[in-house]
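Report on the structure given below.
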Amino acid sequence: VVSTQSTMEPSAATTGNHALALRVMRLTKPAIIPSWPLQADKDDYCGAELVTHRDKDITVIPNLVTYPYGEVLTVPQNLGSIYLGETFSSFVNVQNDSQQTVRDVVLKTDLQTSSQRMPLSNPTGQAMVSKLVPGDNISEVITHEVKELGGQLLVCTVSYINTSGEKQMFRKYYKFQVLKPLDVRTKFFTTSDEEIFLEAQITNTTPHPLHMQKVVLAPSPLYTVTDLNFLSSGDSIFADSDYISPDDTWQYLYKLTPKMTADEKSNVKGVSSVGKLDIMWLSNFGERGRLQSSQLQRLIQQQGELVVTVQSLPHFIASDEQFQLVLRLRNTTDRKYNLHITLNQINNSGLIWVGDIKKVVGEVFPCSHLDVQLDILPIKSGVWDVGEITIENVLTNKRFSYPSIGQILVGLK
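To convert, note that position 4 of the sequence shown is 5 in my numbering; the numbers rise steadily by one, no gaps.
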């Protein structure tokens, strides 16, 4: 698709009459003219004339008269919208409109943002041509990947030496706004068995659909990531369409696995860097856009002194079929624990403990763990809570109560 030019009007300029004229035009893709043909039946009053008029409409596709878009392109008449992550391209032209030949013409362009000023062309300010005769011109195309929101200023500076040997200079400013194409919101979820999930909600804030090429989570060195946005067959959960419509929101889900062991995690406090979201898309006529989020951070929840996690528990078991529950008791303190466990029977439960209801676990050293195996017999069908248990540190007489360890479905044989 051929790029088109829309003239940018300067927001400010230095005063004075100069031999050279500066013009700046943004390079953009054209737009498709929508078609709104008037539908009529030939047997209606004036129907034949209306159908004839419709068939002569150049915006209507033959044999597709009801399709809302035609085959005709239109050139943008204004600067249009500039979105974060897109590439801003402009055509800058300097022409000698006078009757004199000028020398050592310098064209320099800079971009001023709210935080910095960066050169886009000719950073050293060297002369582009030694002389420019009347009617001649010089031009260049500048490109820049937009990485900041808000108002930005394109500064174009032209200098030259006139026939009197005097150095002349003028400057023009072109102001434009950079808009946000996507609204990205993130949430962290931590399950009871310490699995970490990241949900990313992405909303299209542009007035046109976007083709989402890639949405990935680049993890930090502390984590590995599992992308849950694809089926086992490899197909996307968003079916065959990768186009997100204006104001639509898509949800992406990722599972994070810490590379640290459970004992190492117990010593980590504060905020942990998870990674960055890398988003790539295509807009109208294939203009590429890319956004990368800042480092996503997760507040690490402070764990208790004694952390109990389930290592083995079946999801389904037949009635009267004994099974084993394996618990991991982790000491997160810097003190040694000597633990005893008491198994409490829940009233009207379909599960009963097998063996002694009081057991000696033994010593658990600082920042280490110990696995405990418990036997359970299901006696009634249904969904039942597994518990309750009480663990006591006999060195300090401190007790830890866990009313429910998990759930299990008991069925008939």
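From the three backbone atoms N, C-alpha and C, an ideal C-beta is built for every residue, glycine too.
To the nearest whole angstrom, what separates the beta carbons of residue i and residue j, a pair I think is in contact under 8 Å?
i      : j      : result
PRO31  : THR75  : 6 Å
LYS260 : ALA219 : Contact doesn't hold; Cβ gap of about 15 Å is too wide.
VAL365 : LEU340 : 6 Å
LEU378 : GLN325 : The Cβ separation is near 11 Å, so there is no contact.
ILE409 : ILE318 : 6 Å
Compare the C-alpha of residue i against each of the options and name the closest.
i      : options                        : result
ASP98  : ARG118, ALA20, GLN169, LEU121  : ALA20
SER382 : LEU413, ASN94, PRO182          : LEU413
LEU300 : GLY290, SER273, MET281, ILE358 : SER273
MET281 : GLN298, LEU229, ILE245         : ILE245
GLU141 : ILE342, ILE318, LEU23, LYS173  : LEU23
GLU322 : LYS337, LEU352, GLN298         : LEU352
VAL275 : PRO247, SER234, VAL226, ASN230 : VAL226
GLU393 : GLY407, PRO135, LEU344         : LEU344
VAL107 : VAL52, LEU396, TYR161, SER405  : TYR161
LYS148 : VAL156, GLN96, ARG118          : ARG118
VAL73  : ASN230, VAL61, TYR84           : VAL61
PRO124 : VAL134, ILE143, LEU297         : ILE143
Which residues in the same chain as residue i place their Cβ atom closer than 6 Å to its Cβ, once the five residues preceding and following it in sequence are excluded?
i      : result
PHE447 : Residue 447 is absent from the model: the chain starts at 2 and stops at 414.
SER115 : GLY151
DSSP three-state label for residue i, please.
i      : result
ALA20  : coil
THR125 : coil
GLU288 : coil
THR144 : strand
GLU306 : coil
GLU200 : strand
ASP264 : Reliability of the predicted coordinates at ASP264 is poor, the pLDDT of 49 falling under 50, and no value is obtained from them.
GLU72  : strand
THR258 : strand
THR225 : strand
ASP372 : strand
CB-CB under 8 Å to residue i, same chain, minus the five flanking residues each way: which ones, in chain order?
i      : result
ASP264 : With a pLDDT of 49 at ASP264, under the threshold of 50, the predicted position of this residue should be treated as unreliable, though the coordinate-derived value follows. For ASP264, where only same-chain residues beyond five positions count, the Cβ hits under 8 Å are ARG331, CYS368, SER369, HIS370.
ASN94  : LEU23, ARG24, VAL25, MET26, ASN138, ILE139, SER140
The beta strand (DSSP E) with residue i in it runs from where to where?
i      : result
ASP105 : 103-113
CYS157 : 151-162
GLU393 : 390-394
LYS360 : 359-365
PHE324 : 324-332
GLY383 : 383-387
LYS168 : 168-180
ILE380 : No beta strand (DSSP E) contains ILE380, which DSSP labels as neither H nor E.
PRO31  : No beta strand (DSSP E) contains PRO31, which DSSP labels as neither H nor E.
PRO220 : 211-220
ILE417 : Because the chain spans 2 through 414 in this model, residue 417 falls outside it and cannot be assessed.
ARG336 : Run containing ARG336: none; DSSP gives neither H nor E here.
Report whether the distance from the Cβ of residue i to the nearest heavy atom of the ligand NAD is below 7 Å.
i      : result
HIS316 : Of the ligands one can find in the structure shown there are none, so the ligand NAD has no counterpart to examine.
Taking 8 Å as the CB-CB cut-off, is residue i touching chain D?
i     : result
LEU74 : Of the protein chains in this structure there is only one, and it is not chain D.
What residues in its chain sit with their C-beta under 7 Å from that of residue i, if we drop five residues either side in the sequence?
i      : result
LYS188 : GLU200
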